[in-house]
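For the sequence shown, position 215 (counting from the first letter as 1) is numbered 546 according to our numbering, and the numbering increases by one without interruption. Glycine residues also receive a C-beta, built at the ideal position from the N, C-alpha and C atoms. One structure below.
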Amino acid sequence: MGKKLLRNYDYVLLLTIVLISAFGVIMVGSSSVSGEISISALFSNRTFVKQLVWAVGGLVGMALLSFIDYSEWQRLKLPIYFFSLALLILVIFKGTSAGGAQRWIAIGKLFNLQPSELAKIAIIITLSATMAKEGRSLERWSGLIVPLLHVAVPMLVVFLQPDLGTSLIFMAITGAILFVAGMRWLHLAVMGVGGIIGSVLAFLFVLKPYQKSRLIIFRDPWQDPFDDGWQIIQSKVAVGSGQFRGRGLFKGTQTQLDFLPEKNTDFIFSVIGEELGFLGASIFLLVYVFLIWRVLKVAMEAKDSFGRYLCVGVAAMLSFQLLVNVGMTISIMPVTGLPLPLISYGGSSFLTTMISLGLVLSVAAHKDTSIF
Numbered sequence: 332m333g334k335k336l337l338r339n340y341d342y343v344l345l346l347t348i349v350l351i352s353a354f355g356v357i358m359v360g361s362s363s364v365s366g367e368i369s370i371s372a373l374f375s376n377r378t379f380v381k382q383l384v385w386a387v388g389g390l391v392g393m394a395l396l397s398f399i400d401y402s403e404w405q406r407l408k409l410p411i412y413f414f415s416l417a418l419l420i421l422v423i424f425k426g427t428s429a430g431g432a433q434r435w436i437a438i439g440k441l442f443n444l445q446p447s448e449l450a451k452i453a454i455i456i457t458l459s460a461t462m463a464k465e466g467r468s469l470e471r472w473s474g475l476i477v478p479l480l481h482v483a484v485p486m487l488v489v490f491l492q493p494d495l496g497t498s499l500i501f502m503a504i505t506g507a508i509l510f511v512a513g514m515r516w517l518h519l520a521v522m523g524v525g526g527i528i529g530s531v532l533a534f535l536f537v538l539k540p541y542q543k544s545r546l547i548i549f550r551d552p553w554q555d556p557f558d559d560g561w562q563i564i565q566s567k568v569a570v571g572s573g574q575f576r577g578r579g580l581f582k583g584t585q586t587q588l589d590f591l592p593e594k595n596t597d598f599i600f601s602v603i604g605e606e607l608g609f610l611g612a613s614i615f616l617l618v619y620v621f622l623i624w625r626v627l628k629v630a631m632e633a634k635d636s637f638g639r640y641l642c643v644g645v646a647a648m649l650s651f652q653l654l655v656n657v658g659m660t661i662s663i664m665p666v667t668g669l670p671l672p673l674i675s676y677g678g679s680s681f682l683t684t685m686i687s688l689g690l691v692l693s694v695a696a697h698k699d700t701s702i703f
C-alpha cells in the first residue's frame, strides 16, 4: 500500500507548491525589510521569520495530510461543518477587530486565527461530501435546495463580520462543485442573475460605508487620491514602475519608502510587479496557473466523485483569489481584502491553502490503492 501511494504521488504538484511557497517567503521578506539588506536583517525581521515558520510548518503538515486517505474526511462531514460554524459565530461575540471588520480570534499573543479561512476548507469538504454521498440529481431546482442551504448559513455569518471577499469565495466554490456535479446551465445562469440582484441589494442596504467606497473608488481612484483611492494609485505606480525587468528584489521604491499600504498582504503582487517587472510577474502567473491546472488534472484522475469535487473546490478557491487579488492591484477589480494564496503574509491564509493542497495530494496518491 505504501509503495502504491509513493508511486501515485504527484511530485510535480508538490514541487510546484514548494517553489511558489519559497517565492512567497522571499517576497514577504522583500516587502517587509528596508534599509541595508543582509541575512541577519532578514532573520531579525519578525514578519519574515513568522512567514518562514508558517511555510515550513505548512509544508510538513501538507505532506503528512497527503498520506491520510481523503475519504476519511467524508465521514466527518457533520463535525467539520458544525465546528467551523461555531468558530464563525464565536468571532461575532469574542473576535478581535481590525480595519472595520471583526474576523479574528486571538490565540495567545502570537497568533490570530481567522475562522473564515478555515471555513473555506470546511465548505469544500462538507459540500463535496454532501454531493458525493447523496448523489442527488441536480436536474431539478429541488435538488439544489440542500446544497445551497448548506453553504448559505456559514456564508451569511461570514458576510455579517463583515467579510465580503470570503463570501464571494464561498459562491465560487459552490458554483464550481455544483456545476461539476451536474447542475444545468439554466440553473447556473439563474443563480448568476440572482447573485447580481443580491449584490445590488446588499450594496444598497447591507454594506458598510467603507465597503461601498472600495467598490466605487476602483473605477476612478483619483476621486479621493489621499484616502480611499491611495492604495490603488500607489499599487498602479508600483506595478508600472517595474516596467519589463523590474527594479530588483529589495529595491522597489514604493515598497522600501512605505508608499504602498498592505504591501506584504493584500498588495504583495504590486511588489512583485515593481521588483520583478512584467517579465517576473508573468512567469509567476504562469507557474500559478500551472498549479491550478495540475489540481484540475488530479480532479480528472480521481477515483471517485468526492475526490473530484474536493479538487474542483480547491481549484475554484485558488483561481478566484488569484483573479481578484491581481485584479485589484491593477485597478480592474475592487479592493476586497483577499490575500494571494501562498504569497501574502498571514498564517491563517497560508495554512488553509496548505490544508487544501494536502487534500489534493491525497486524492492523487489514493487514486489507485487496491491491494491486488
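Based on the DSSP output, what are the partners of TRP435 in its beta bridges? THR427
Using the Cα positions of VAL489 and VAL643, report the straight-line distance between them to the nearest angstrom. 22 Å
Using 8 Å as the threshold, is the region 406-423 in touch with the region 476-492, meaning 3 or more CB pairs across them? yes
Straight-line gap, PHE374 to LEU383 (C-alpha atoms, nearest Å): 10 Å
Mind checking PRO540: buried by the 16 CB within 10 Å criterion, or exposed? exposed
With burial defined as no fewer than 16 other Cβ atoms inside 10 Å of the residue's Cβ, what is the status of PRO446: buried or exposed? buried
Assuming VAL602 contacts ALA630 under a Cβ cut-off of 8 Å, what Cβ separation, rounded to an integer in Å, is found between them? Actually they are not in contact, since the Cβ atoms of VAL602 and ALA630 sit about 32 Å apart, beyond 8 Å.
Spatial neighbours of ALA647 within its chain, please: CB distance less than 7 Å, with the 5 preceding and 5 following residues excluded, ordered by chain position. ALA503, ILE504, ALA507
Nearest-angstrom Cα separation, counted from ILE368 out to MET486: Near 43 Å, if we compare the C-alpha coordinates of ILE368 and MET486.
Could you please give the first and the last residue of the uninterrupted alpha helix (DSSP H) stretch that includes ASN656? 636-660
Identity of the residue in ILE454, LEU491, GLY525 nearest ILE423 by Cα: LEU491
Taking all protein chains shown into account, do 16 or more other C-beta atoms lie within 10 angstroms of the C-beta of THR700, making it buried, or fewer, making it exposed? Low confidence applies here, because THR700 scores a pLDDT of 49, under 50, leaving its location unreliable; read the following figure in that light. When all chains shown are included, THR700 counts as exposed.
Short check: CB of LEU653 to CB of LEU641, under 8 Å? no
By the DSSP assignment, the alpha helix (DSSP H) with LEU616 in it spans what residues? 599-632
Check whether the region 563-579 touches the region 336-353, taking contact to mean three or more Cβ pairs, one atom from each stretch, closer than 8 Å. Because the criterion of three Cβ pairs below 8 Å is not met, the region 563-579 and the region 336-353 do not touch.
I need the DSSP call for LYS698, collapsed to helix, strand or coil. DSSP places LYS698 in coil when its eight states are reduced to three.
Starting from the N-terminal side, write out each stretch of the beta strand (DSSP E) that is 3 residues or longer and does not extend beyond the region 544-572. none
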